[in-house]
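Below is one structure; the comments refer to it alone.
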Amino acid sequence: MAKDIYHNAVKTILLKDGWKITDDPLRLKLGKRGLYVDLGAQKLLAAEREDRKIAVEVKSFTGLSPIKDLEQALGQYVMYSQVLGELEPDRPLYLAITNVVFGDFFVEDLPQFIVRANQIKLLVFDPDLEVISQWIL
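Heads up, the sequence shown is in our numbering, so the first residue is 781 and it goes up one at a time.
Next comes the structure, spelled out in C-alpha coordinates:
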(Lines of atoms letter the chains of each structure in order from A and count residues from 1; the text may use other names and numbers.)
(Lines give C-alpha, C1' and ligand atoms only; values in the text may rest on other atoms or scores of the structure.)
Protein backbone atom coordinates (compact mmCIF):
# COMPACT_ATOMS: atom_id res chain seq x y z
CA MET A 1 0.00 0.00 0.00
CA ALA A 2 1.57 3.28 -1.14
CA LYS A 3 1.63 6.17 1.29
CA ASP A 4 0.88 9.74 0.30
CA ILE A 5 3.93 12.02 0.08
CA TYR A 6 2.69 13.95 3.13
CA HIS A 7 1.89 10.87 5.22
CA ASN A 8 4.91 11.17 7.51
CA ALA A 9 4.54 14.95 7.79
CA VAL A 10 0.92 14.61 8.95
CA LYS A 11 1.95 11.89 11.40
CA THR A 12 4.64 14.20 12.85
CA ILE A 13 2.21 17.14 12.96
CA LEU A 14 -0.39 15.12 14.87
CA LEU A 15 2.25 13.94 17.35
CA LYS A 16 3.43 17.53 17.87
CA ASP A 17 -0.20 18.55 18.49
CA GLY A 18 -0.52 16.01 21.31
CA TRP A 19 -2.13 13.13 19.43
CA LYS A 20 -1.04 9.53 19.89
CA ILE A 21 -0.87 7.55 16.64
CA THR A 22 -2.77 4.34 17.34
CA ASP A 23 -2.81 2.89 13.83
CA ASP A 24 -0.60 3.38 10.77
CA PRO A 25 -2.63 2.46 8.80
CA LEU A 26 -6.04 2.12 10.46
CA ARG A 27 -7.50 -1.15 9.18
CA LEU A 28 -11.26 -1.37 8.77
CA LYS A 29 -12.78 -4.76 8.02
CA LEU A 30 -16.39 -5.25 7.02
CA GLY A 31 -17.22 -8.79 6.01
CA LYS A 32 -14.41 -10.37 3.99
CA ARG A 33 -13.01 -7.08 2.72
CA GLY A 34 -10.73 -4.57 4.35
CA LEU A 35 -9.99 -0.90 3.85
CA TYR A 36 -7.00 1.06 5.07
CA VAL A 37 -7.28 4.66 6.26
CA ASP A 38 -3.88 6.36 6.47
CA LEU A 39 -3.83 7.08 10.21
CA GLY A 40 -5.76 6.46 13.40
CA ALA A 41 -5.08 8.75 16.36
CA GLN A 42 -6.38 9.53 19.81
CA LYS A 43 -5.95 12.37 22.26
CA LEU A 44 -6.80 12.49 25.93
CA LEU A 45 -8.98 15.51 26.60
CA ALA A 46 -8.01 16.46 30.14
CA ALA A 47 -11.06 18.64 30.71
CA GLU A 48 -13.42 15.84 29.74
CA ARG A 49 -11.22 12.97 31.00
CA GLU A 50 -11.97 10.89 27.96
CA ASP A 51 -10.24 9.93 24.75
CA ARG A 52 -11.04 11.58 21.45
CA LYS A 53 -10.35 9.36 18.45
CA ILE A 54 -9.99 10.38 14.82
CA ALA A 55 -9.07 8.81 11.49
CA VAL A 56 -7.08 10.79 8.93
CA GLU A 57 -6.82 10.25 5.19
CA VAL A 58 -3.90 12.23 3.71
CA LYS A 59 -4.13 13.59 0.16
CA SER A 60 -1.45 15.60 -1.66
CA PHE A 61 -3.43 16.70 -4.75
CA THR A 62 -0.32 16.51 -6.94
CA GLY A 63 -1.98 14.90 -9.97
CA LEU A 64 -2.45 16.56 -13.35
CA SER A 65 -6.01 17.58 -12.48
CA PRO A 66 -7.19 18.74 -9.05
CA ILE A 67 -10.71 17.68 -10.09
CA LYS A 68 -9.53 14.09 -10.65
CA ASP A 69 -7.69 14.21 -7.31
CA LEU A 70 -10.89 15.46 -5.66
CA GLU A 71 -12.94 12.67 -7.28
CA GLN A 72 -10.56 10.05 -5.90
CA ALA A 73 -10.35 11.68 -2.47
CA LEU A 74 -14.15 12.00 -2.30
CA GLY A 75 -14.67 8.34 -3.18
CA GLN A 76 -12.27 7.22 -0.48
CA TYR A 77 -13.67 9.68 2.05
CA VAL A 78 -17.26 8.52 1.50
CA MET A 79 -16.34 4.82 1.70
CA TYR A 80 -14.12 5.20 4.75
CA SER A 81 -16.51 7.47 6.66
CA GLN A 82 -19.45 5.15 6.05
CA VAL A 83 -17.51 2.07 7.19
CA LEU A 84 -16.17 4.01 10.20
CA GLY A 85 -19.75 5.02 11.00
CA GLU A 86 -20.66 1.33 11.15
CA LEU A 87 -17.57 0.04 13.01
CA GLU A 88 -16.39 3.01 15.09
CA PRO A 89 -19.09 5.69 15.14
CA ASP A 90 -17.14 7.71 17.72
CA ARG A 91 -14.14 8.13 15.35
CA PRO A 92 -14.69 10.90 12.76
CA LEU A 93 -12.71 10.92 9.53
CA TYR A 94 -10.67 13.93 8.43
CA LEU A 95 -9.25 14.60 4.99
CA ALA A 96 -5.76 16.09 5.47
CA ILE A 97 -4.65 18.59 2.83
CA THR A 98 -1.90 21.20 2.71
CA ASN A 99 -2.61 24.85 3.31
CA VAL A 100 -1.47 25.51 -0.29
CA VAL A 101 -4.02 23.06 -1.74
CA PHE A 102 -6.67 24.56 0.52
CA GLY A 103 -5.82 28.14 -0.50
CA ASP A 104 -5.35 27.44 -4.21
CA PHE A 105 -8.14 24.93 -4.87
CA PHE A 106 -10.49 24.34 -1.96
CA VAL A 107 -11.57 27.99 -1.90
CA GLU A 108 -13.19 27.53 -5.33
CA ASP A 109 -16.95 27.01 -5.65
CA LEU A 110 -16.90 23.36 -6.78
CA PRO A 111 -14.64 22.00 -3.99
CA GLN A 112 -16.50 24.10 -1.41
CA PHE A 113 -19.80 22.66 -2.61
CA ILE A 114 -18.44 19.08 -2.49
CA VAL A 115 -17.09 19.62 1.04
CA ARG A 116 -20.44 21.03 2.23
CA ALA A 117 -22.63 18.50 0.42
CA ASN A 118 -20.64 15.54 1.75
CA GLN A 119 -19.91 17.03 5.17
CA ILE A 120 -16.17 16.47 4.69
CA LYS A 121 -14.07 17.30 7.71
CA LEU A 122 -10.75 18.88 6.78
CA LEU A 123 -7.42 18.96 8.56
CA VAL A 124 -5.45 21.72 6.85
CA PHE A 125 -1.72 21.61 7.58
CA ASP A 126 1.49 23.42 6.76
CA PRO A 127 4.08 20.77 5.81
CA ASP A 128 7.01 23.20 6.06
CA LEU A 129 6.22 24.51 9.54
CA GLU A 130 4.81 21.11 10.56
CA VAL A 131 1.70 22.59 12.16
CA ILE A 132 -2.06 22.28 11.81
CA SER A 133 -3.36 25.44 10.14
CA GLN A 134 -7.02 24.70 10.84
CA TRP A 135 -9.63 22.05 11.54
CA ILE A 136 -12.74 22.48 9.41
CA LEU A 137 -15.74 20.54 10.67
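For each residue, glycine too, the CB sits at the ideal point set by N, CA and C.
Every value quoted in this text rests on a predicted model; they were computed, and no experiment measured them.
Of the residues assessed, residue 818 falls on the buried side of the cut-off, its CB having 16 or more other CB atoms within 10 angstroms.
Residue 787 and residue 897 have their C-alpha atoms roughly 26 Å apart. The Cβ atoms of residue 894 and residue 903 do not sit closer than 9 Å to each other. In this structure, the CA atom of residue 805 is about 32 Å from the CA atom of residue 889.
In the DSSP annotation of this structure, the continuous segment of the beta strand (DSSP E) that includes residue 809 starts and ends at 806-810. Straight across, the Cα-Cα distance linking residue 862 with residue 899 is about 12 Å. Burial of residue 878 is indicated by the presence of at least 16 other C-beta atoms within 10 angstroms of its C-beta.
If you draw a straight line from the Cα of residue 811 to the Cα of residue 853, it is about 23 Å long. As computed with DSSP, residue 814 is found in a beta bridge with 809. In the DSSP assignment, residue 802 falls within the unbroken beta strand (DSSP E) covering 800-803.
When DSSP states are grouped into helix, strand and coil, residue 885 belongs to the helix group.
By the beta-carbon neighbour count (other beta carbons within 10 angstroms, threshold 16), residue 883 is exposed.
Restricted to the stretch 821-873, the alpha helix (DSSP H) segments that are unbroken, complete and at least 4 residues in length are 846-867, listed in chain order.
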